[in-house]
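Before any comments, here is the structure.
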Amino acid sequence: MATMTLLRLLAALAAAGVIIAGASFTLAALRPDPDALQFEATDISDVSWGRDFQLTGHDGRERKLADFRGKIIALYFGYTRCPDVCPTTMAALGQAITLLGEDGARVQGLFVTVDPRHDSPEVLARYVRS
Numbered sequence: 035m036a037t038m039t040l041l042r043l044l045a046a047l048a049a050a051g052v053i054i055a056g057a058s059f060t061l062a063a064l065r066p067d068p069d070a071l072q073f074e075a076t077d078i079s080d081v082s083w084g085r086d087f088q089l090t091g092h093d094g095r096e097r098k099l100a101d102f103r104g105k106i107i108a109l110y111f112g113y114t115r116c117p118d119v120c121p122t123t124m125a126a127l128g129q130a131i132t133l134l135g136e137d138g139a140r141v142q143g144l145f146v147t148v149d150p151r152h153d154s155p156e157v158l159a160r161y162v163r164s
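Take the sequence shown: its letters are residues 35 to 164, numbered as in this note's numbering.
This is the structure in structure tokens:
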């Protein structure tokens, strides 16, 4: 009877060893390759596009990026009939500007519609006021 208990104990230890070895091998195989985690980017510092743009405001005035010199621009693309993400994001931007206190005056939010057929200047004016 003692021999059977010893054999069971040895079998359990062997099984535990196999499980631990298998788990170790699996974890080692799943570890990401450090070379695969390298950041890759495109240097756009010397490109000519994106340095200035012109937009028409809800008041009909043409504005260029240079008109906001000295301000931090928060440019948001959305549409006024957007049911969730757009108003939530705009509210979060408003809260962030408020939390900045006096520094909030340095931030200029710009809402650019992706639905100009519906978002007339009048609709946009109401939207940005709300």
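Beta carbons: idealized from backbone N, C-alpha and C, even for Gly.
> Going by the CB atoms, is the gap between VAL81 and TYR110 shorter than 8 Å?
Replying inline: no
>> When you compare the CB positions of LYS105 and GLN142, do they come within less than 8 Å of one another, or not?
In response: yes
>> Less than 8 Å between the C-beta atoms of ARG115 and ASP149, yes or no?
In response: yes
> ASP93: buried (16+ other C-beta within 10 angstroms of its C-beta) or exposed?
Replying inline: exposed
>> Quick check: what's the CA-CA separation for PHE59 versus ARG65?
In response: 10 Å
>> On the DSSP letters alone, give me the boundaries of the alpha helix (DSSP H) that TYR110 sits inside.
In response: Careful: TYR110 lies outside any alpha helix (DSSP H), inside the beta strand (DSSP E) at 106 to 112.
> From what residue to what residue does the beta strand (DSSP E) around THR147 run?
Replying inline: 141 to 147
> Can you tell me the Cα-Cα spacing of MET38 and LEU61, whole angstroms?
Replying inline: 34 Å
> Alpha carbon to alpha carbon, what distance is there between ALA125 and VAL119?
Replying inline: The straight-line gap from Cα to Cα measures roughly 10 Å.
>> Rounded to the nearest angstrom, what separates GLY112 and GLY135 at their Cα positions?
In response: GLY112 and GLY135: Cα-Cα distance of roughly 26 Å.
> Helix, strand or coil: which one does DSSP assign to LEU89?
Replying inline: strand
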